[in-house]
Amino acid sequence: MPAAVLPVARVLVDVSLAHLDRPYDYLIAESDSAATQPGVRVRVRFAGRLVNGYVLGRLTESEHPGRLGFIERVVSAEPVLTAEVAELAKVVAERYAGSVADVLRLAVPPRHAKTEAETPPTETDAILGMTPPTSASASGAALTGVSGLAVAVGGNAGVAAGAVAAGKSPTGWLCYQAGPAFLTAIRERRPARAVWQALPGEDWPARLADAAAEASGAGVGALLIVPDARDLVRLDAALTAALGPGRHVALSADLGPAERYRRFLAVSRGSVRIVAGTRAAVFAPVAELGLVAVFDDGDDLLAEPRAPYPHAREVLMLRSAARSCALLVGGFARTAEAQLLVESGWARTISAQRTAVRAAAPRIEAAGDDYSTGSDSAAAKARLSPAAFAAARAALQAGAPVLIQVPRRGYVPVVACVRCRKRAQCRHCHGPLALSGPGGTLLGCRWCGQPEAHFRCAACGFDQLRAVSVGAGRTAEELGRAFPGVPVINSSGPKVRSAVPAEPALVIATPGGEPVASGGFGAALLLDGYAMLGRPDLRAGEETLRRWMAAAALVRPASAGGRVVVGADASLPVVQALIRWDPVGHASAELAGRRELGFPPAAAMASIEGDEPIVLAALDRLDLPPDGEVLGPVALEDTDSGGQQSQNRAPAQDDDEVQLRALVRVPQAGRKALSAALRAVAAGRSARKEGGGLRIRVDPSDLF
DNA sequence: TCAATCCGTATC
DNA sequence: ATACGGATTGAC
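According to this note's numbering, the first sequence is numbered sequentially starting from 30.
Right, here's the structure in full:
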């Protein structure tokens, strides 16, 4: 028997087929009426199969002309999908040419029944069931509309200037022009949007915590996203310091199902309104969201590797626009995407005055790859320039640790044939071979892990290897010899450290694995700059500066003796930007260059990958918007050139099919049309039940 | 003219 | 996948 009131439920089914990607209506049994609230999980029969779904809302009648089926079962009365997140999932799916179901799989953690039962539901849960929700309440909670956008971060240098005039040197957000104004905007619940350039040495978790505390004080929620688990640990601690215990939660992928769901429930039930997390947390159902923030948005960990591959920064932007809440995109460096936000007038810059930057930055010099002087010294063997060696020695003598950034982990992560110089490949899966283990004595495959006992070059049959690049492991060994008696800490690969004490040590780290040193590092040596700069990647320059700045920001100011030596030529624009600590100038030039070449974010781009006939058919059916163009398709090679992009690609591929990749691009104005056209292609494929893999990615993070 | 079967399409 | 509707076919 159908429910007496509002007997129809609009249900989002967990089916990721593109042509079925819309809500469906079901009848609610009277006995299920109380539990069938917006946001609850249900089981429904869809095309004969039982599938999971979410209730979006309730209606008096359906527009569907045919007969409706009943909801099979209400999985639980817990409303896990808020109206805001449901709407966000739709917008994200549209933007990334994916299905809402795919986005929801990223957004809502799997249910953990035991955890759900632990904490009794709040009294708002309709145990009494006397008041079925109106359809207005299904959507009413979320969208406050997009009016009143672009409330500017007013020039509020007054506060900072006041602090300076009073003789105190400014601290925290007072160091930044427009910093205090941004906090004011949060307090007044205005949707201010800002791109923030953190000062070198900045305790950025504390600044994010300040902003979250401001939101908390204003009675609104905050959502803070960082790239990795180590960043999250720091942010978590800063939030505890700023807000006290129990006022926030940290959401990360490594929590385990029970704890993940427990914290999710704390957020969705509204008992916690301040949320910090890694990329999956961008969808957290924070109540009364007033601030979204992301730090270090250039880190590729913020790009979701599962379909439809949304980027955390973009999701937060969509979210801030939908809810009209404040947005903060921060980092030491600045991405071209963030620069576009500023240049388009959508966001304002928060940065410090030149004098403050100079006072905070270490002394930075370029040493090229000048290892010439005294070429058999221990320093030269460790690939250190005289300047680098001197900077390290001075810092150690001053009692401070020295940070050494090495682009690659492992011992000799890339080896090649001595005779023909071809990269050494695994005989099983053609993956790259590398030397690992103590002293680099183990030769094996980086993809499948198979050891290689008797190398023979696949091209010329020769059996001798040469090192192509040197990893953190070997660098650590060599540096240990160059500075006898100084402890060497290897913070790379699985051994990353989050902090080191303020005492002399050589800290070898891969980018992103740098520990913080209390009081700052005395010096940082940025090695093998060309290995990072030379990568065939659109973002090589931007990424190199981001990594360098992240390391240099951990060094004491020049006034306290802090020095950075970068192993690349001073004439390179990236090196110049580092030396002058000018992330904005670099981002501006980078964006100008991308405009000229028609690359993202100046243009909207998407990649289409798959077996040859599938890609060709997809391109044929693609209804490209005006001014759109197709680049390629070209054959995908499974080389290891990308270094650390690995996981996406299957190690062993059926090599009888040629994999193709095409890029399509349109001017920014055609972005929505491009997404819609790509969705139409996917919908056509799934309607015709065409099998085989076709991967469509909008704004792919790796372009070349 | 009607039932059995086939095929395409929607999936509530 | 399965269910349904319309078209097609074959027997009366």
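Backbone N, C-alpha and C fix where the C-beta goes; we use that ideal spot for every residue, glycine too.
Buried or exposed (CB count within 10 angstroms, at least 16 for buried), residue i
i    : result
E638 : buried
D566 : buried
G248 : exposed
D669 : The pLDDT assigned to D669 is 38, lower than 50, so where the model puts this residue is not dependable; a value taken from the coordinates is nonetheless given after this. Buried is the call here.
Q688 : buried
A270 : exposed
G403 : In this predicted model, G403 has a pLDDT of only 49, less than 50, meaning its place in the structure is not dependable; the value taken from the coordinates is given anyway. Exposed, since its Cβ has fewer than 16 Cβ neighbours within 10 Å.
E147 : exposed
Q334 : According to the sequence provided, residue 334 is Pro. The question's Gln does not apply to it. Label assigned to P334: exposed.
L472 : buried
V727 : buried
H483 : exposed
F733 : exposed
G699 : buried
Q426 : exposed
E217 : exposed
D50  : buried
G319 : buried
Q697 : exposed
L626 : exposed
T470 : exposed
S300 : exposed
Beta-bridge pairing of residue i - partner residues as DSSP gives them
i    : result
E638 : R690 and R724
E59  : Its beta-bridge partners do not exist; DSSP assigns none.
A251 : I303 and L320
T378 : V224
Q66  : Note: Q66 sits in no beta bridge, so no partner.
G82  : V42 and V71
E394 : V594
C446 : L494
9 Å Cβ cutoff met for residue i and residue j
i    : j    : result
P430 : E532 : yes
A267 : L237 : yes
Q695 : A632 : For the sequence presented, residue 695 should be read as Val rather than Gln. Yes, they are a contact pair.
R222 : R352 : no
R690 : V644 : yes
A574 : A553 : Checking the displayed sequence, the identity of residue 574 turns out to be Leu instead of Ala. Cβ distance not < 9 Å, so L574 and A553 don't count as in contact.
A251 : R302 : yes
I363 : C354 : At residue 363 the sequence reads Arg, which differs from the Ile that was named. Result no, Cβ atoms of R363 and C354 do not sit closer than 9 Å.
R437 : V443 : yes
R475 : A463 : yes
D328 : V435 : no
Q206 : A381 : yes
V80  : V69  : no
H141 : R289 : yes
A106 : S62  : no
A423 : G590 : yes
A616 : Q368 : yes
P31  : A58  : yes
V71  : V40  : yes
P544 : V525 : yes
L27  : F361 : Residue 27 falls outside the range modelled here, since the chain spans only 30 to 733, and no answer is possible.
A390 : A581 : yes
L607 : M578 : yes
A235 : A322 : no
P630 : A365 : yes
L85  : P67  : yes
I725 : A711 : yes
Report yes or no: do three or more beta-carbon pairs, one from the region 122-137 and one from the region 332-348, lie closer than 8 Å? Counting Cβ pairs under 8 Å, three or more are found: they touch.
Enumerate, from N- to C-terminal direction, the unbroken beta strand (DSSP E) stretches of 3 or more residues contained entirely within the region 276-353. 277-280, 303-306 and 318-324
Is it true that the region 414-421 meets the region 255-272, where meeting means three or more beta-carbon pairs spaced less than 8 Å apart? no
3 or more residues per run - each beta strand (DSSP E) lying fully within the region 454-495: 462-465 and 471-474
Using a Cβ distance threshold of 8 Å, determine whether the region 83-93 contacts the region 51-70, with at least three qualifying pairs required. yes
Could you tell me which whole alpha helix (DSSP H) segments of length 4 or greater appear in the region 93-144? With a minimum length of 4 residues, the continuous alpha helix (DSSP H) runs that stay inside the region 93-144 are 112-124 and 129-136.
The region 594-607 contacting the region 387-398, beta-carbon criterion three pairs below 8 Å: yes
Sufficient close CB pairs (3 or more, under 8 Å) joining the region 508-519 to the region 487-498: The region 508-519 makes no contact with the region 487-498: fewer than 3 CB pairs, one atom from each, lie closer than 8 Å.
My parser needs the alpha helix (DSSP H) runs of 4 or more residues fully inside the region 592-671; what are they? Within the region 592-671, the complete alpha helix (DSSP H) runs of at least 4 residues fall at 602-608, 612-626 and 641-650.
Check whether the region 280-289 and the region 307-322 touch, using three or more Cβ-Cβ pairs below 8 Å as the test. yes
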